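In what follows, a single structure is set out as structure tokens and then discussed.
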Amino acid sequence: MAMSEKITVLTGGVGGAKLALGLANLQPPPQLAFIVNTGDDFWHLGLKICPDIDTLIYTLSGAVDPRQGWGIADDSAHVLDSLKRRYAFKAWFKLGDQDLAMHLLRTQAMREQVSLTDFTSSIARRLGIEAAILPMCDAEIPTTILTREHGELSFQDYFVKQRWQPAIQQIRYNVDKEARLSEVVREALTSADMILIAPSNPWLSIAPILAVPGLLDLLESLSVPKVAISPLVGGDAVKGPTAKIMREMGLEVSARAVARSYAGVIDGFVDDLRNPVFQLDWLRATRRDTLMTSLERKVALARDALDWARGWRA
Ligand code: GDP
Numbered sequence: 340m341a342m343s344e345k346i347t348v349l350t351g352g353v354g355g356a357k358l359a360l361g362l363a364n365l366q367p368p369p370q371l372a373f374i375v376n377t378g379d380d381f382w383h384l385g386l387k388i389c390p391d392i393d394t395l396i397y398t399l400s401g402a403v404d405p406r407q408g409w410g411i412a413d414d415s416a417h418v419l420d421s422l423k424r425r426y427a428f429k430a431w432f433k434l435g436d437q438d439l440a441m442h443l444l445r446t447q448a449m450r451e452q453v454s455l456t457d458f459t460s461s462i463a464r465r466l467g468i469e470a471a472i473l474p475m476c477d478a479e480i481p482t483t484i485l486t487r488e489h490g491e492l493s494f495q496d497y498f499v500k501q502r503w504q505p506a507i508q509q510i511r512y513n514v515d516k517e518a519r520l521s522e523v524v525r526e527a528l529t530s531a532d533m534i535l536i537a538p539s540n541p542w543l544s545i546a547p548i549l550a551v552p553g554l555l556d557l558l559e560s561l562s563v564p565k566v567a568i569s570p571l572v573g574g575d576a577v578k579g580p581t582a583k584i585m586r587e588m589g590l591e592v593s594a595r596a597v598a599r600s601y602a603g604v605i606d607g608f609v610d611d612l613r614n615p616v617f618q619l620d621w622l623r624a625t626r627r628d629t630l631m632t633s634l635e636r637k638v639a640l641a642r643d644a645l646d647w648a649r650g651w652r653a
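Numbering (the numbering used here), first residue to last: 340 to 653.
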């Protein structure tokens, strides 16, 4: 039997999980590895929370709330309600009761010195997920946001508490000297037949992954197709602050500017049909409908992106 193709994907949460679900439903099934942003991770109420990893796990195990694209479907919020009503706790971060089960287990694992990589793979296996879900790094690399209004904000303070309204002056990827590329991430990249960058936020979800020591150099050294999918559709974000951040950083709000931010990292780009056409002499590009509003569309985009890149690899 032919070995199945190995596809490794750099991804954030909600936008990336849509593509992940499409890839996971392809026939024949490729061997999938997702390198997931952990720059959004934080400690809250004593618990270790990894929003992007959880979004991927809930999506691929079929538990995700389909309306939000994150959290668990039909989850209750008794714990959060009790914190608010009984203890006047200012609950700005939404935590469902079933979602809390994940955070409790993860926190216990962290206390027992289990690595985030090992914990994540054991949970994913228990939930029947075949793809490898790999935290970008076992060390914490918290993203912080420098704003004029509030100074430096932790990521969730900026994103959830302030609803990403403060204007960004600078985004910091706080790489600790302990941070190392994990062996599984290295292996997922070096053994891949193709590398994809999901249509995730380039500055809040993908750049933190590229900031993991050694990862960028490794990516640049690989000669397999490396393809990003545009997170901008019709010149705007489908959801979230991607376009707003580009404006605040003085960038043109366009797929071309996104592609240019990946210079040296990618050699292919799947643009959306609704974006203005552009050309860069170092980049192969194709234009598709990238709006993933149904499972069929997710699978179709995943299949098209892979077919296209296979075509020019041949
Ligand atoms: P987060 O970590 O939960 O914020 O999510 P991501 O960083 O993975 O994804 C956010 C990005 O996904 C935004 O820039 C959106 O524009 C993009 N996005 C969301 N849905 C779609 C879609 O259906 N198609 C495309 N092309 N981009 C999407």
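Note that beta-carbon positions come from the ideal geometry of N, C-alpha and C, so glycine has one too. Remember, predicted model here, so these are calculated numbers, not experimental data.
Helix, strand or coil: how does DSSP classify residue i here?
i, result
"Q495", "helix"
"I468", "coil"
"A567", "strand"
"A644", "helix"
"G490", "strand"
"D628", "coil"
"R511", "strand"
"D457", "helix"
Near residue i, which residues of its chain fall below 6 Å by C-beta distance, leaving aside the five closest residues on each side in sequence?
i, result
"L557", "L528"
"S544", "G351 and N376"
"R626", "D610 and L612"
"L419", "A430 and L434"
Cβ of residue i within 7 Å of Cβ of residue j?
i, j, result
"K565", "I605", "yes"
"A518", "I480", "yes"
"A537", "L358", "yes"
"I584", "V609", "no"
"G435", "D414", "yes"
"A478", "D515", "yes"
"I392", "T456", "no"
"A641", "G361", "yes"
Quick one, which of the options has its alpha-carbon nearest residue i's?
i, options, result
"A448", "A648, L386 and G579", "L386"
"I388", "V348, D438 and L360", "D438"
"T377", "K500, P547 and W503", "P547"
"L619", "A648, A598 and L473", "A598"
"F374", "E451, A550 and M342", "Looking at the sequence shown, residue 374 is not Phe but Ile. I374 has its Cα closest to that of A550, out of E451, A550 and M342."
"E469", "G573, P368, W382 and S539", "P368"
Under 7 Å, Cβ to Cβ, is there at least one residue of chain B near residue i?
i, result
"P541", "Within the model displayed, chain B is absent; a lone protein chain is all it includes."
With a CB to CB cut of under 7 Å and the five nearest residues on each side skipped, what residues in its chain are close to residue i?
i, result
"H442", "L386, K387 and I388"
"R525", "L557"
"N513", "I480, P481 and T483"
Could you tell me how far apart the beta carbons of residue i and residue j are, in whole angstroms, since I believe they sit closer than 8 Å?
i, j, result
"Q509", "D379", "Going by Cβ atoms, the distance from Q509 to D379 rounds to 17 Å, so no, they are not a contact pair."
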